[in-house]
Each structure stands twice: as C-alpha cells, then as structure tokens.
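Undergrad: So that we are looking at the same thing, I have put the structure below in structure tokens.
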Amino acid sequence: MSWLSSLKSVFSPAQEVKEEEIQTVLQNYLLPHSKDALKERISQLQVQGRVLQLTINTFPDEKEYLQQIHDDLAGALQKCGIEELNLHVVQQKRPTQESSGQGCSSKAPKENSNLPPVLDASPKSEPDPNNPPIQKAAPQQRDVPLHPRIKNVILVSSGKGGVGKSTTTVNLALALQKMGLKVGVLDADIYGPSIPTMLGNAGKTPLIESENFVPLDAYGMAVLSIGHLTGDNNTPVAWRGPKATGALMQLFNQTLWPDLDVLMIDMPPGTGDIQLTLAQRIPVTGSIIVTTPQNVALLDATKGIELFNKVGIPVLGVV
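Structural data, given as structure tokens:
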C-alpha cells in the first residue's frame, strides 16, 4: 500500500523507533467490532518525532469503538518507540446494497430473439436552420453564490510559472493582516504548492471534523494547501484537470474557514481548465496578475487578463 511504502522515508535513526514493528502492528490489527483489517482503513500516516499521526476512515455506527481502537493501538505502538498516538477520523457513509450491486435481482430479463440488435441508439435529426439549438451561456460571477464566512476572495494568478506568484500572495496576505483584517490563504497551485514552505508549516497535516478540513494557523492566518495533504514537498500530484479541479473545490467548500475579511488564493500558472472552472464557481472580488518584464511572460499575462474579463472578474492590478 502507498502509506506503507512511504513509511520508511519518514523515519530516521535518531528517532529510535522500530519501523518494522510499527508496520506489523498496523498490518495485523483487526477492528474489535467487525474484525476488518485496519490497514484497509488507513488514509494518512505521518511520524513527527515520537508522535504518530494516523488518519482512518470509519462509518457512523463505529463511533463507540474509536476509544478502544485508540487505546489498543497506543499500547501496541509504545513498544515500537511511539510515545503518543493522534488518531484522526474521516467519517464516511456506509455503502448501500444498491451501490454495491448486492441489491440487484439475480434474474435477468428474457431476451426477445425476434428483435434485431440495436447497433446505434443515438438520436439522429437534421439541423433546422429556422430553429437553431439554444446555447447555454457560460456562468458569470454574478451567478455564483457568496461564501457564508468569507467577505472577499482575491485570486493571485500568472500566465507562467516561476514569476513570483506565491511570494506575492504571501506578502499581500501578511500586509493585509497587519492592517487588522482577518486573512486566509488557500494554495490552489496543485502541481507545485509553495505556500507551506513559505509560511513554515510544511509537513503539517490539517485535522478533519465532520468531513471538513480544519485549516492550519500560520502567523495568525488560516492556511490550507494541497501540499499539507500529500505529506511532503517531493510527492508529485499527477491529476488530470477534472480531478484537480474537484479537489480544489473541495478545499474551498469543505473547509471550516473562520470568518474572514479576505481569502487570498494562490492560483496555478496558466489559463487552462482549472483556472476557468474556479473563476466560474468561486465568488471572486478581484484578481491580481503577476508577471516578469519579458515579452513571453507579458503575452501570457495578457491572456490571463482576458480570461478574467470574460468571466466578469475585475483585475485589481499587475505586479
């Protein structure tokens, strides 16, 4: 499993922990009520000194057994050099019979051999020049509902990577906070998250409450990044556009953001599917374009400005 393969990299001889015994404990432990293997429920694993951060998936009817699971594991892991176990829980809905396929009838309908096979069920019709199809307009910012706890959302974007976009995001966020505003930072640069390193909380993992992320605190700001979920800065995120966009929307919507005056979003570079989808689905106050003075970078920055103009997002400035 992926969490087992990454276990070796987080240990060092100075910690004097017994990694093979920890693997054995986690692999062999069976849940007390169902005898299911714990290893099938583990979603995240991280060692910080002699503290083990362990995240497991559970169902609502297993709440009464969590304390026993924690105590059993804590006792067994003490022999492996772990002094403290922090057990985090992600509650999931138990699959129904219909979704698992068990509720389907075993009797298949009888086939009518007299009917010819259907080779193409697509409806075909000739286009009517007098009645052209109605094309739905792309969603605009005026159609996006506001976030209940966030007053303003500012996107920091760039046409090219490596032009200082993340640095600008952090500096602006800290400047706004010094002005007395309540500020949050969301790192949406899913393929190259830099915010955890810049704010000094790389390697930390957010807690989960009621299927929602709890943002980390950095210099008094609420911060969340995809880098906090991958475990380390060297783990690549090889996701296609739809999956990456879905993950970022989840970070925005399924996070327990406090009441914020401003949420700064460090966007990924470019003007592709991720940028367009986020610009159409997140209520944005304005955007900031970051570029360098080279011709090629300025051309890409111009494309970013045109993208925001098309979806009704004002450009507050260019850095």
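Here the numbering used here = 1-based position in the sequence shown + 2. Heads up, the beta-carbon is just placed ideally off N, CA and C, and yes, glycines get one too.
When you compare only the Cα positions, how much space is there between His-149 and Leu-253?
TA: Whole-angstrom Cα-Cα distance: 13 Å.
Undergrad: Ile-152 and Asp-268 - do their beta-carbons sit closer together than 8 Å?
TA: In this structure, Ile-152 does not lie closer than 8 Å to Asp-268 by Cβ.
Undergrad: I need the straight-line Cα distance from Met-181 to Glu-23, nearest angstrom please.
TA: Each residue's alpha carbon lies about 51 Å from the other.
Undergrad: So what's Gln-29 in DSSP terms, helix, strand or just coil?
TA: Correct three-state label for Gln-29: helix.
Undergrad: Report yes if the CB atom of Lys-37 is closer than 8 Å to the CB atom of Leu-28, and no otherwise.
TA: No. Outside cutoff.
Undergrad: If I follow the unbroken alpha helix (DSSP H) through Glu-308, where does it start and stop?
TA: Run containing Glu-308: 297 to 312, per the alpha helix (DSSP H) assignment.
Undergrad: Rounded to the nearest angstrom, what separates Asn-173 and Asn-203 at their Cα positions?
TA: In a straight line, the C-alpha of Asn-173 is about 16 Å away from that of Asn-203.
Undergrad: For the beta strand (DSSP E) containing Met-269, name the first residue and the last one.
TA: Looking at the DSSP string, Met-269 is not in any beta strand (DSSP E), and its letter there is neither H nor E.
Undergrad: Is Ile-291 helix, strand or coil by DSSP?
TA: Residue state, collapsed to three classes: strand.
Undergrad: Identify which residue in Asn-59, Tyr-31, Leu-32 and Gln-55 has its Cα closest to the Cα of Ile-44.
TA: Closest option to Ile-44, Cα to Cα, is Asn-59.
Undergrad: With H, G and I counted as helix, E and B as strand and the rest as coil, what does DSSP make of Lys-2?
TA: Outside the shown range of the chain (3 to 321) lies residue 2, about which nothing can therefore be said.
Undergrad: To the nearest angstrom, report how far apart Glu-86 and Leu-75 are at their CA atoms.
TA: Near 10 Å, if we compare the C-alpha coordinates of Leu-75 and Glu-86.
Undergrad: State the start and end residues of the unbroken beta strand (DSSP E) segment that holds Ile-284.
TA: Ile-284 -> no beta strand (DSSP E), and no H or E assigned at all.
Undergrad: Mapping the DSSP letters down to three states, classify Ile-192 as helix, strand or coil.
TA: It is coil, neither helix nor strand.
Undergrad: Around the Cβ of Phe-215, are there at least 16 other Cβ atoms within 10 angstroms (buried) or fewer (exposed)?
TA: Buried, since its Cβ has 16 or more Cβ neighbours within 10 Å.
Undergrad: Just how far apart, CA to CA, sit Pro-295 and Gly-222?
TA: Straight-line Cα distance between these residues: approximately 34 Å.
Undergrad: Could you check where the alpha helix (DSSP H) with Leu-79 kicks off and where it finishes?
TA: Per DSSP, Leu-79 belongs to the alpha helix (DSSP H) from 68 to 80.
Undergrad: Given that a residue counts as buried once 16 or more other Cβ atoms are within 10 Å of its Cβ, and exposed if not, what is His-35?
TA: It is exposed - the Cβ of His-35 has fewer than 16 other Cβ atoms within 10 Å.
Undergrad: Asn-88: which of Leu-47, Lys-65 and Asp-63 sits nearest, CA to CA?
TA: That would be Leu-47, whose Cα lies nearest to the Cα of Asn-88.
Undergrad: Should Lys-81 be labelled buried (16 or more other beta-carbon atoms within 10 Å of its own) or exposed?
TA: Answer is exposed; the Cβ neighbour count stays below 16.
Undergrad: Does DSSP classify Asn-203 as helix, strand or coil?
TA: Residue state, collapsed to three classes: coil.
Undergrad: Cα separation between Gln-277 and Gly-306?
TA: Each residue's Cα considered, the two are about 9 Å apart.
Undergrad: Select from Gly-248, Asp-261, Ser-212 and Pro-217 the residue whose C-alpha is nearest the C-alpha of Ile-192.
TA: Checking every option, the nearest Cα to that of Ile-192 belongs to Gly-248.
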